[in-house]
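Undergrad:
There are 2 protein chains.
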Amino acid sequence: MLHEEVVSRLRDMLLEGEVPPGARIPERELCLKLKISRTPLREALKVLAAEGLVLLLPNRGSRAARLTDKDVHDLFEVCQGLEALAGELACERITDEQIKEIAEAHHAMVANYRDGDLAQYYRRNRQIHEGIVAAACNPVLSGLYDSVTARIRRARYLTPMTPPRWAIAIQEHDAILNALQRRDGTGLAHILRAHLRHKREEILKAGFAEIDSVRGLAAHENGNNESAAGRA
Amino acid sequence: MLHEEVVSRLRDMLLEGEVPPGARIPERELCLKLKISRTPLREALKVLAAEGLVLLLPNRGSRAARLTDKDVHDLFEVCQGLEALAGELACERITDEQIKEIAEAHHAMVANYRDGDLAQYYRRNRQIHEGIVAAACNPVLSGLYDSVTARIRRARYLTPMTPPRWAIAIQEHDAILNALQRRDGTGLAHILRAHLRHKREEILKAGFAEIDSVRGLAAHENGNNESAAGRA
DNA sequence: AATCCGTGTTTTGAATTCAAAATTGTGAGA
DNA sequence: TCTCACAATTTTGAATTCAAAACACGGATT
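Chains as they are written, first to last, in numbering that gives the first Met the number 0: chain A, 0 to 231; chain B, 0 to 231.
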């Protein structure tokens with residue numbers, strides 16, 4: 000297995016909550032599961048620590064990072080800036096073909112909304128946001144966006160949405176698609192920022208950090224990874 | 000030596016050009032110089048590779064990253080976005096004390112300009128930009144800013160400035176301080192963006208990437224790290 | 001009963017070792 | 001002379017090993 004593979008495999012495990020937030024990272028177990036020795040595993044952990052997904056405690060191992068409310072706040076703030084920038088650039092650079100793809104994802108997402116299919120809705124939603132970033136044609140931006148969104152992914156997609164919030168999100172996405180089709184960079188930047196600001200407010204109001212934190216603690220205290228999350 | 004120390008020591012060496020862009024990274028040498036074994040060195044290299052400062056070639060070692068014009072373009076584009084965001088946030092959160100500090104750095108910088116002291120000028124300049132980012136009170140933003148500015152540091156501070164450009168830069172910095180003192184976030188964001196856009200144009204016009212690339216190649220081809228840079 | 005102390009165990013961090021891959025150097029043949 | 005092939009050497013990537021640090025458990029002491 001290649002270094003980058005180990006990193007992304009491990010990153011996925013963290014994002015999936017296979018190792019819950021705050022839980023100690025079981026080096027030994029992971030070595031067996033990934034069939035690698037400690038050396039490449041630890042290399043990957045250092046990389047993930049630099050990304051902010053893992054907490055490195057000198058001489059006492061590493062833990063899956065846990066987000067505080069402040070972290071969520073700050074990450075969303077930066078995410079707003081990155082998506083706003085992406086929106087502006089996308090309007091300058093996006094092809095008609097790419098707009099068509101995003102429009103299709105948008106309509107599919109609206110259908111998911113009508114069906115009340117949250118999982119599919121989130122999938123399409125993510126596809127749209129990522130499409131806009133990709134259309135900015137800036138790999139540096141894409142990279143930072145990936146790393147920031149990775150850290151808030153759990154907050155973003157695990158927090159349940161209230162029906163009124165969902166309705167508003169749909170309206171906002173209408174405006175997003177509209178601005179994109181008009182190639183109104185400034186307008187798109189503004190609506191994206193507002194959209195994410197609202198999402199953030201929703202998440203912080205729901206007390207995500209506390210929920211996630213408790214889940215992590217529970218899993219930690221009885222040394223159980225899989226089932227504790229459900230039990231907590 | 001702690002892991003983070005190795006990373007930042009190594010990062011400094013790359014930024015200083017001690018290992019020139021494009022040059023092979025001499026694992027053995029660095030182990031001796033830092034008095035560590037290959038394991039922690041390689042851990043640091045993977046982290047720096049994730050940061051974009053090091054290029055990892057499977058089975059053929061690692062090289063100091065070399066920036067293309069496109070890289071410089073993209074990095075500055077993102078940097079514009081980050082500083083613009085920082086400027087907006089700073090205007091909401093900065094204390095009078097912090098403004099005073101930045102104002103002092105500004106005036107010192109203007110004095111450096113009058114003296115024609117480019118090195119000191121750049122030092123103050125950086126202090127101002129970093130001060131604005133710090134005033135945004137967002138560690139996530141600071142982190143991304145650090146990593147992006149690290150990658151373009153050589154381009155930013157090694158490219159010589161033409162006298163007219165320098166004069167304009169001073170004007171722009173007047174406007175920056177002014178917006179900050181008025182706590183005009185939107186205005187500050189705009190002027191910062193323009194300021195960095197101009198800087199980028201200057202650098203790309205000067206053909207930084209080619210210059211840096213040649214320097215790296217020369218150092219690579221005769222296996223010499225230190226003296227080649229000066230000789231090229 | 002609660003706390004402190006000491007011993008044995010586990011875990012961590014880093015050096016070393018080892019196999020595989022790439023690179024270099026040399027000589028044979030065109 | 002130039003090119004190709006092949007052996008020797010070096011370098012890489014990862015497993016193993018080893019010392020030091022943290023941890024866990026038990027017994028002694030107050």
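The C-beta atom is built at its ideal place from N, Cα and C for all residues, glycine as well.
#1: Assuming Tyr121 (chain A) and Ile169 (chain A) form a contact by the criterion Cβ under 8 Å, report the distance between their Cβ atoms to the nearest whole angstrom.
#2: Could you tell me whether the Cβ atoms of Val77 (chain B) and Val147 (chain A) are closer together than 7 Å?
#3: Could you give the residue range of the alpha helix (DSSP H) that holds Ala178 (chain B)?
#4: DSSP three-state label for Leu52 (chain B), please.
#5: Give the interface partners of Lys45 (chain B) over in chain A, defined as CB-CB distance under 7 Å, in chain order.
#6: In angstroms with no decimal places, state the Cα-to-Cα distance between Arg27 (chain B) and Glu171 (chain B).
#7: Tell me whether Asp211 (chain B) is buried or exposed, calling it buried when 16 or more other Cβ atoms sit within 10 Å of its Cβ.
#8: Between Glu76 (chain A) and chain B, is the shortest Cβ-Cβ distance under 7 Å, so that the two count as touching?
#9: Using a Cβ cut-off of 8 Å, pull out every chain B residue sitting near Gly80 (chain A), in sequence order please.
#10: Please tell me whether Asn137 (chain A) has its Cβ less than 7 Å away from any Cβ of chain B.
#11: So what's Ala85 (chain B) in DSSP terms, helix, strand or just coil?
#12: Strictly by DSSP, which residues pair up with Ser61 (chain A)?
#13: CB Glu103 (chain B) to CB Ala188 (chain B), shorter than 7 Å?
#14: On the premise that Ala135 (chain A) lies in contact with Phe207 (chain A), defined as a C-beta separation below 8 Å, what is that separation, rounded to the nearest angstrom?
#15: Based on the DSSP secondary-structure assignment, which residues constitute the bridge partners of Arg23 (chain B)?
#16: Buried or exposed: where does Leu1 (chain A) fall if 16 or more other Cβ atoms within 10 Å of its Cβ makes it buried?
#17: Hey, would you say Arg123 (chain A) sits closer than 7 Å to Ala133 (chain A), going by beta carbons?
#18: Go ahead and pull the three-state DSSP assignment for Pro159 (chain A).
#19: Below 9 Å between beta carbons is the criterion; list the residues of the region 50 to 62 of chain A that meet it against any residue of chain B, in chain order.
#20: Quick one: does Asp235 (chain A) have its CB under 7 Å from some CB of chain B?
#21: For Gly186 (chain A) versus Ala193 (chain A), is the C-beta distance shorter than 7 Å?
#22: Could one say the Cβ of Leu143 (chain A) lies closer than 7 Å to chain B's Cβ atoms, at least one of them?
#23: In the DSSP assignment, find the alpha helix (DSSP H) that holds Gly206 (chain A) and state where it starts and stops.
#24: In three-state DSSP terms, what is Arg10 (chain B)?
#25: Give me the residue from B:Lys99, B:Glu15, B:Arg164 and B:Tyr156 with the minimum Cα distance to Gln180 (chain B).
#26: So which of A:Cys90, A:Arg92 and A:Ala64 has the shortest CA-CA distance to Leu14 (chain A)?
#27: If you measure between the beta carbons of Gln79 (chain A) and Leu195 (chain A), is that distance less than 7 Å?
TA: The structure says:
#1: Your numbering for residue 121 (chain A) matches position 122 in the first sequence. Your numbering for residue 169 (chain A) matches position 170 in the first sequence. About 13 Å separates the two Cβ atoms, so there is no contact after all.
#2: Within the second sequence, the letter at position 78 stands for residue 77 (chain B). Within the first sequence, the letter at position 148 stands for residue 147 (chain A). Going by beta carbons, Val77 (chain B) and Val147 (chain A) fall outside the 7 Å limit.
#3: Start at 1 with the first residue of the second sequence, and residue 178 (chain B) comes out as number 179. Unbroken alpha helix (DSSP H) run through Ala178 (chain B): Pro162 to Gln180.
#4: Position 53 of the second sequence, counting from 1, holds the residue named residue 52 (chain B). It is coil, neither helix nor strand.
#5: Along the second sequence, one-based indexing puts residue 45 (chain B) at 46. Under the 7 Å cutoff, chain A gives His2, Glu42, Lys45 and Val46.
#6: To locate residue 27 (chain B), count along the second sequence from 1; it is residue 28. To locate residue 171 (chain B), count along the second sequence from 1; it is residue 172. Cα to Cα, the separation comes out at about 46 Å.
#7: Here residue 211 (chain B) is taken as the residue at index 212 of the second sequence, counted from 1. Per the 10 Å Cβ criterion, buried.
#8: On the first sequence, position 77 is the one that residue 76 (chain A) refers to. At least one chain B Cβ lies under 7 Å of Glu76 (chain A).
#9: Taking the first sequence and counting its residues from 1, one reaches residue 80 (chain A) at position 81. Result: Gly80, Leu81, Ala83, Leu84 and Leu140.
#10: In the first sequence, the residue the question calls residue 137 (chain A) occupies position 138. Yes, Asn137 (chain A) counts as interfacial toward chain B.
#11: Walking along the second sequence from the start, residue 85 (chain B) turns up at place 86. In the structure shown, Ala85 (chain B) sits in a helix (DSSP, three-state: H, G or I).
#12: Position 62 of the first sequence, counted from the first residue, corresponds to residue 61 (chain A). Ser61 (chain A) is bridged to A:Leu55.
#13: Within the second sequence, residue 103 (chain B) is the residue found at index 104, counting from 1. Within the second sequence, residue 188 (chain B) is the residue found at index 189, counting from 1. Glu103 (chain B) is not a Cβ neighbour of Ala188 (chain B), given a cutoff of 7 Å.
#14: The residue you call residue 207 (chain A) lines up with position 208 of the first sequence. The residue you call residue 135 (chain A) lines up with position 136 of the first sequence. Incorrect: roughly 28 Å between the Cβ atoms, too far for contact.
#15: By one-based count along the second sequence, residue 23 (chain B) stands at place 24. DSSP, once it has assigned bridges, lists B:Arg62 as partnering Arg23 (chain B).
#16: Here residue 1 (chain A) is taken as the residue at index 2 of the first sequence, counted from 1. It counts as exposed.
#17: Here residue 123 (chain A) is taken as the residue at index 124 of the first sequence, counted from 1. Here residue 133 (chain A) is taken as the residue at index 134 of the first sequence, counted from 1. No. Outside cutoff.
#18: Here residue 159 (chain A) refers to the residue found at position 160 of the first sequence. In the displayed model, Pro159 (chain A) falls within coil according to three-state DSSP, outside both helix and strand.
#19: Glu50, Gly51, Leu55 and Pro57
#20: Residue coverage of chain A in this structure runs from 0 to 231, which leaves residue 235 (chain A) outside it and unanswerable.
#21: For the purposes of this step, residue 186 (chain A) is taken as residue 187 along the first sequence, with counting starting at 1. For the purposes of this step, residue 193 (chain A) is taken as residue 194 along the first sequence, with counting starting at 1. No. Outside cutoff.
#22: Residue 143 (chain A) sits at position 144 when you count from the first residue of the first sequence. True, the Cβ-Cβ gap to chain B drops below 7 Å.
#23: Taking the first residue of the first sequence as position 1, residue 206 (chain A) is located at position 207. DSSP places Gly206 (chain A) in no alpha helix (DSSP H); its state is neither H nor E.
#24: Counting from one through the second sequence, the residue named residue 10 (chain B) turns up at place 11. It is helical.
#25: Here the question's residue 180 (chain B) lines up with position 181 in the second sequence. The candidate whose alpha carbon is nearest that of Gln180 (chain B) is B:Lys99.
#26: Walking along the first sequence from the start, residue 14 (chain A) turns up at place 15. Out of A:Cys90, A:Arg92 and A:Ala64, A:Ala64 has the C-alpha closest to the C-alpha of Leu14 (chain A).
#27: Numbered from its first residue, the first sequence carries residue 79 (chain A) at position 80. Numbered from its first residue, the first sequence carries residue 195 (chain A) at position 196. A contact, by the Cβ cut-off of 7 Å.
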